[in-house]
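**Student:**
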Amino acid sequence: MTDTRPELHPATRAQIEAASPGASAWVSANAGSGKTSVLTKRVARLLLADCPPERILCLTYTRAAAAEMQERLFRMLGEWSLMEDAALAAELAALGGDPPEGEDDLARARKLFAKALETPGGLKIQTIHAFCAALLRRFPLESGAPAGFVELDDRTRARILDELRDDMAGAAEAGADPAFDAAADRLTETGLTSLSESVFHRRGWFPGADRAAPALHAAYDVPEGWDFLDHAGGRMMAEGPDGLRDLAAALTTGGATDRKLADLLAGAASALDAGDIPAAIRAVEAAGLTQKGEPRSLKTLPTKAVRAAWPWAAEAVEGVVEMAVELRQGRIAQDGLAKSLDLHRFGDALLARYAVEKTRRGAIDFDDLVRIAGRLLTEAEMAAFALWKLDGGLDHILIDEAQDTSPDQWRLVRALAEEFFAGAGAREAGRTVFAVGDEKQSIYSFQGAEPREFGRMRDLFRDRLAAMEAAGEGPALRETQLAWSFRSSPVILGLVDQVFADAPEGLSADGDAPSHSAFHAAMPGRVELWPLLTPPEKGEEPPWHAPVDARPPLAPTARLAAALAEQVDRMLREGGAVPDRDAPSGWRAMRPGDVIVLLRRRGALATMLVDQLKRRAVPVAGADRLMLMSSLAVRDLLSLLRAALDSGDDLSVAEVLRSPLGGVDEAGVFELAAGRPKGVSLWNRLRDRAGDWPVAHALLNEAIDGADFARPYEILQNALVRHGARARIRARLNPEEEDAVDELLAQALAYEKAETPTLAGFLAWMEAAGDLALKREMGRAGDAVRVMTVHGAKGLEAPVVILGDAGPRQGHRGGDVLQLPPVDPGDPEVAIWSAPRADEAAPVTEAKEIAAAREAEEDLRLLYVALTRAGARLLVCGVETGRGDAEASWHGRVASAMEALGARPGPVPAALAGEADLPPVMVLETGWPETPPADALPPAAPPAASQPAEAPDVPPALRLAPLAEGPLAPSAARRKRLAASALMGAEGDHAPPFAPGAAPLGDGPAAVEEGEPIAGPLARPLARDVARARGDAVHMLLELLPDLPDQPGGDRAGRGAALVAAAHPDMDAGVRADAVAEALRTLDHPDAAPFLAPDALAEATLSADLPGGARMIGRLDRLIVAPGRLRLLDWKTGPVPPATPEAYLRQMAGYRAALAAAYPEAEIEAALFWTSAQRLEVLDPATLDAAFGRAVAALKTG
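This note's numbering numbers the first residue of the sequence shown as 223 and each following residue consecutively.
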């Protein structure tokens, strides 16, 4: 019954009303309003009313939600069983039902815990998929499900799809699968994999090609049997080739644009005469349409001169444009129809094979669970029997997170509930349906959720129960709104209301703007809006030592990650506080676990932020999803299995040794690996020296010995437990690595259940699965900062929330499979194949617009979920991407709302102190102190590091020093690094573009200390000397022209001139032409031909250690590597001297010495090619050896 006691807060009254079990209820609940608490209390009140536990069914969206609800319920019932009478009576009265009337009521409440535990099968608090699985196992014959079926997990399903694609490809090669051929002709291999996944996840859009065809023909407006080429030919012949020629003749009298159009029309007429309809279509489209496929403007076409001379020409050109538009539309429509029909044939073939494979395995997948269960209860011949059996066992259905329920799932729930409202079921008192949800939080459309179904099902149940009330058969549906938030401060809730005040589209079916009230009305709150960080102006290239895939430190994402980490670190160290009603001052010091960083998706920002937090020793829980194959520990363990499978796999053995598994340091691995005789493996060396590295030897030895008979799980578990690898992983790597290790063990067990267990098979199983995502339960992350996606944060909350990527983003890009917009509500759902914008037919354009609108609506709901995770403090920030609508972005919406609410400019946080020319930070706050009270100050000691303390038995090799930011510091020997030009002295021709550190001739000392950044010639402007610039040009042409693909006409001179002009725009035209001519003569010279062959290497970089400890680096113009012989060549563009200069001899001698170190058994020939004289000079080996000796001696004395 409804509690009307005046002392109750309205929020509490609404919860009590919603939890009352006396009538069916539909609850719309704002974020933070206690949905799970209401559902749990309703179940408790049903049990108090003597409802048998087995007659209650609670359906939730996720296993985590089901576990949380069951844990709350059992905790409540368990506490009741131990409470004193007075406390229990007060607790029961607080639920809102009738107060206990005596000892019997209290005794019954105390027994509920045991009663719930002893219920056969337990309380039915489960996901809808778990309920469906139990239903199908109960009615296998009636449902048609395979007897004793197994449920396919995602990885097994993915492997099946891969195998089916391979089978279809094989059948297509044999000419037995035209459906696959038709799809494969339109796609790459990667595209075909993506298309298969799209078909699988949208199976409901593939009703069969025969059923889809009428809808597709109607959508594309292409009648059955219609042929575009016949239509186009008839359309153009109606104009007649002569008409096109006449118009072309008229246009030839006009300007350049007219004449270009005339050529196209003349070509179209000739193609029509020859019967080449496709060529005629292309010509007409080119004449009437722009390159973007839009109609040409008729304002200036034809030109005034043509209009004056031929008055009829303007109308004729307009007719050509209209015909071109018509032809393009027809062509695109027929192509789109053919493509979509091919899609359905491919989808039918793939899904048919998939169904056969599932039958062979006796398996069903997650989608099958709901689909077959729904069919059992609504369509199957035995539906009446199944419903009758279920009806006898269910009195109450409760649905949690109802906004995330898909249409197929609602159909199942509706079938279950229909028995409550029909026949004898309707006459039984007290049978109820309860649903609680929030359309504003429906963010799982990719899993089939349809938020509009929440409102439609509410209306349906309202009508059914209203009819029952009118007939005196039961109460009407009770509709309750839970608008009060127990989580967030008034400031944050006010911001949420303002953000969505003008944009309620997609938030709710009725279109009403949301309204929130704070239960804790005096709770302080603060919202900060940081300005978007922008990319820096293009500056210098990154240093040579930076990894090629490293994000530049000045990139806005990298700067934002550093700023956020700094902000969190400062809040934890310097007095950040959060409200706490239990603290004496109402405040307490902020802890790492109080902070959640929310992101739209896992990406670079998440990775960099976690790294930055760890650098500052801020405890961080890592990412909410761990990619299994990206885990270092998992990769190390898989290397162990590879080494066990093949002990001669030196790379895998070395990876095990250097990992926490083996604990061997770099020097140890080098000591084992270096100087081995040919044919001696790394494992053989380790076995011979087992006493030096006993831990690594024992671990590898047992794995290798067990490779032929031990199961993968057994080898992994022995390594982790018996050999202590788990402890060493825990000591050296991050805590989340243990989750990855546990998942790898679970995968090993799953593999052993599904396949005959072998090491090779398990490795192939893991590689075929790709990078599996391991979801980590962040609700139990401990006292650590959580970095996670908004989707992963659903159901979580924190006092401090940082929304990190609120900047603009690119809109909907569309997938390869779209849904055909239905004409009538009863039409089947039908897929169409997407197309590039230039080839979009009208149905594709409409489907993309609908998909984009739905994505935009869900994006708003995602923003709602993100904002409402915050309790007291919210920080919104992001980077300027230059894509999308800034005002419609999350950042733009929050900025507009804060401005409307009177936000003030705030001080620039210290974390942003390094940013220049930033707009002001905006602040909205109530009751937030400038400095926290004394009892809310953080402890003096800094927060503990995220990495756990090392175990006492960890070998020293595992205790790693932090890596330096830049290039490594020079070693004690401080070896010199020399460009090859340093061997040349102070004379010679233009130096070739060596690797970093190669100083040009005559610029002083070329030696630099190893480990220090080196400035090379590529970072300097070109020399002013014309000869030097000309030499540059010849070298560039000799490098690039041989590798450029041939083009019609073979205009090498023109291409060479274009290259030189681009590289040297100020070069004199005569000098440029001379350089090009010299390069072309060289390319055609027979002596140069071997060095220009495809198998010759160009610009080959090399390095070698010189006597005395220095290291030489250089780059060869050309190198030929043949069995037993190497030929190296350097182009020389200066005049030919009487004798080879000493500088050139030393340079080539250095190159020859470097190659000799790498190829000690090979014959090495060094040569110069003088381009001005077109002469090849092969250098004498003895002369080079002598020159090399003089060069090294000069370096030692210098």
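Ideal Cβ placement from N, Cα and C applies to all residues, glycine included. Quantities reported herein were computed from a predicted structural model and do not represent experimental measurements.
With H, G and I counted as helix, E and B as strand and the rest as coil, what does DSSP make of K514?
**Tutor:** For this step, residue 514 is matched to residue 292 along the sequence shown. Assigned with DSSP and collapsed to three states, K514 falls in coil, not helix or strand.
**Student:** Between which two residues does the alpha helix (DSSP H) harbouring S861 extend?
**Tutor:** The residue given as residue 861 occupies position 639 in the sequence shown. It spans L854 to L867 - the alpha helix (DSSP H) in which S861 sits, taken as one unbroken run.
**Student:** Since G254 and F708 should fall inside the 8 Å C-beta cutoff, what is the C-beta to C-beta distance between them, to a whole number of angstroms?
**Tutor:** Walking along the sequence shown from the start, residue 254 turns up at place 32. Walking along the sequence shown from the start, residue 708 turns up at place 486. The Cβ separation is near 6 Å, so the contact holds.
**Student:** Name the DSSP beta bridge partners of H618, please?
**Tutor:** The residue given as residue 618 occupies position 396 in the sequence shown. Answer by DSSP bridge pairing, in chain order: I278 and T654.
**Student:** State the DSSP-derived secondary structure class of A1092, mapped to helix, strand or coil.
**Tutor:** Locating residue 1092 in the sequence shown gives position 870, counting from the first residue. In the three-state scheme derived from DSSP, where H, G and I count as helix and E and B as strand, A1092 is classed as strand.
**Student:** What did DSSP end up calling G1278 once you bin it into helix, strand or coil?
**Tutor:** The residue you call residue 1278 lines up with position 1056 of the sequence shown. The answer is helix: DSSP assigns G1278 an H, G or I state.
**Student:** On the three-pair Cβ rule with 8 Å, is the stretch 1064-1077 touching the stretch 1122-1142?
**Tutor:** no
**Student:** K346 by DSSP, collapsed to three states: which one?
**Tutor:** Translated into the one-based positions of the sequence shown, residue 346 becomes position 124. Strand.
**Student:** I think C280 touches L620, with their Cβ atoms under 8 Å apart; what is that distance to the nearest whole Å?
**Tutor:** Numbered from 1 along the sequence shown, position 58 holds the residue referred to as residue 280. Numbered from 1 along the sequence shown, position 398 holds the residue referred to as residue 620. At roughly 5 Å, the Cβ-Cβ gap stays under 8 Å, so C280 and L620 are in contact.
**Student:** Looking at P445: is its Cβ nearer than 9 Å to the Cβ of R567?
**Tutor:** The residue you call residue 445 lines up with position 223 of the sequence shown. The residue you call residue 567 lines up with position 345 of the sequence shown. No. Outside cutoff.
**Student:** Just to confirm my understanding: we take T702, look at its own chain, exclude 5 residues before and 5 after, and list those with CB closer than 8 Å. What are they?
**Tutor:** Here residue 702 is taken as the residue at index 480 of the sequence shown, counted from 1. Cβ within range, chain order: A236, E239, A240, A247, W248, V249 and S250.
**Student:** Which of helix, strand or coil does DSSP assign to K561?
**Tutor:** Taking the sequence shown and counting its residues from 1, one reaches residue 561 at position 339. Helix.
**Student:** Under 9 Å, do R950 and L908 count as touching if we go by C-beta distance?
**Tutor:** The count along the sequence shown starts at 1 and reaches residue 950 at position 728. The count along the sequence shown starts at 1 and reaches residue 908 at position 686. No, they are not a contact pair.
**Student:** Between the C-alpha atoms of A1173 and A953, what's the straight-line distance to the nearest angstrom?
**Tutor:** Counting from one through the sequence shown, the residue named residue 1173 turns up at place 951. Counting from one through the sequence shown, the residue named residue 953 turns up at place 731. For A1173, the predicted structure reports a pLDDT of 37, less than 50, and the residue's modelled location is therefore unreliable. A value from the coordinates is still provided. Taking the straight line from one Cα to the other gives about 6 Å.
**Student:** Beta carbon of A1371, beta carbon of A1311: below 9 Å?
**Tutor:** Counting from 1 along the sequence shown, the entry for residue 1371 is found at position 1149. Counting from 1 along the sequence shown, the entry for residue 1311 is found at position 1089. No, Cβ-Cβ distance for A1371 and A1311 is not below 9 Å.
**Student:** Using the C-alpha atoms, what's the distance from T262 back to A233?
**Tutor:** For this step, residue 233 is matched to residue 11 along the sequence shown. For this step, residue 262 is matched to residue 40 along the sequence shown. Between the C-alpha atoms of A233 and T262 there is a straight-line separation of about 16 Å.
**Student:** Figure out for me which residue from R297, M1120, A1094 and L466 has the closest Cα to the Cα of G510.
**Tutor:** On the sequence shown, position 288 is the one that residue 510 refers to. The shortest Cα separation from G510 among R297, M1120, A1094 and L466 belongs to L466.
**Student:** Pull up the distance between the alpha-carbon of A947 and that of E924, whole angstroms please.
**Tutor:** Counting from 1 along the sequence shown, the entry for residue 947 is found at position 725. Counting from 1 along the sequence shown, the entry for residue 924 is found at position 702. Their Cα atoms are separated by approximately 13 Å.
**Student:** Taking the alpha carbon of T829 as the reference point, which residue from M1010, V886 and R504 has its own alpha carbon closest?
**Tutor:** Sequence index remark: in the sequence shown, residue 829 carries index 607 (1-based). Comparing Cα positions, the closest option is M1010.
**Student:** Since F296 is in the beta strand (DSSP E), which residue starts that stretch and which ends it?
**Tutor:** Along the sequence shown, read from residue 1 onward, the residue named residue 296 stands at position 74. Segment R285 to L304 is the alpha helix (DSSP H) holding F296; no beta strand (DSSP E) there.
**Student:** Count the other C-beta atoms from every protein chain shown that fall within 10 angstroms of the C-beta of S711, then say buried if there are 16 or more, exposed otherwise.
**Tutor:** Within the sequence shown, numbered from 1, the residue matching residue 711 stands at position 489. Under this definition S711 is a buried residue.
**Student:** Three or more C-beta pairs closer than 8 Å, one from the stretch 587-600 and one from the stretch 393-408: is that the case here?
**Tutor:** no
**Student:** Can you give the beta carbon distance from P814 to A976, rounded, assuming they're within the 8 Å contact cut?
**Tutor:** Residue mapping note: residue 814 aligns to position 592 of the sequence shown, counting from 1. Residue mapping note: residue 976 aligns to position 754 of the sequence shown, counting from 1. 41 Å between Cβ atoms; not a contact.
**Student:** Exposed or buried, which one is P1345 when buried takes at least 16 other CB atoms within 10 Å?
**Tutor:** Indexing the sequence shown from 1 puts residue 1345 at position 1123. So P1345 ends up on the exposed side.
**Student:** My guess is that A535 and L469 are in contact by the Cβ rule of under 8 Å, so how many angstroms apart are they, rounded?
**Tutor:** Sequence index remark: in the sequence shown, residue 535 carries index 313 (1-based). Sequence index remark: in the sequence shown, residue 469 carries index 247 (1-based). Between L469 and A535 the Cβ distance is about 6 Å, and since that is below 8 Å, they are a contact.
**Student:** Going by the CB atoms, is the gap between P1131 and P789 shorter than 9 Å?
**Tutor:** As a first step, residue 789 must be located in the sequence shown, where it is residue number 567. As a first step, residue 1131 must be located in the sequence shown, where it is residue number 909. The identity of residue 789 in the sequence shown is Gln, whereas the question assumes Pro. Yes, these two residues count as a Cβ contact at 9 Å.
**Student:** Let me know if K779 comes out buried or exposed under the rule of 16 or more other beta-carbons within 10 Å of its beta-carbon.
**Tutor:** If you number the sequence shown from 1, residue 779 lands on position 557. The sequence shown places Thr at residue 779, not Lys. Classification of T779: buried, given that the 10 Å Cβ count is 16 or more.
**Student:** Quick check on I1236: buried or exposed, where buried means 16 or more other Cβ atoms within 10 Å of its Cβ?
**Tutor:** As a first step, residue 1236 must be located in the sequence shown, where it is residue number 1014. Caution applies to I1236, whose pLDDT of 25 falls short of 50 and renders its modelled position unreliable; the model cannot decide the point.
**Student:** Helix, strand or coil for L1134? Go by DSSP, reduced to three states.
**Tutor:** In the sequence shown, the residue the question calls residue 1134 occupies position 912. Reduced to three states, the DSSP call for L1134 is helix.
**Student:** On the three-state DSSP scale, how would you describe E1109?
**Tutor:** Looking up residue 1109 in the sequence shown gives position 887. Coil, per DSSP.
**Student:** For R1250, which of A1297, R1274, L310 and D1273 has the nearest alpha-carbon?
**Tutor:** Position 1028 of the sequence shown, counted from the first residue, corresponds to residue 1250. For the residues A1297, R1274, L310 and D1273, the minimum Cα distance to R1250 belongs to A1297.
**Student:** Compare the Cα-Cα distances from L782 to each of E1102, D1061, L1146 and A1108 and report the closest residue.
**Tutor:** For the purposes of this step, residue 782 is identified with residue 560 of the sequence shown, where counting begins at 1. Minimum Cα distance to L782 is reached at E1102.
**Student:** Taking 7 Å as the limit between beta carbons, can you name the residues of its chain near S418, skipping five residues before and five after?
**Tutor:** Here residue 418 is taken as the residue at index 196 of the sequence shown, counted from 1. L383, R387 and L572.
**Student:** Consult DSSP for W427 and reduce its assignment to one of helix, strand or coil.
**Tutor:** Locating residue 427 in the sequence shown gives position 205, counting from the first residue. Of the three classes helix, strand and coil, the one that applies to W427 here is helix, per DSSP.
**Student:** For G584 and S259, what's the separation of their Cα atoms in angstroms?
**Tutor:** The residue you call residue 584 lines up with position 362 of the sequence shown. The residue you call residue 259 lines up with position 37 of the sequence shown. Whole-angstrom Cα-Cα distance: 40 Å.
**Student:** Answer yes if the stretch 1081-1093 comes into contact with the stretch 659-666, meaning at least three C-beta pairs across the two stretches below 8 Å, and no otherwise.
**Tutor:** yes
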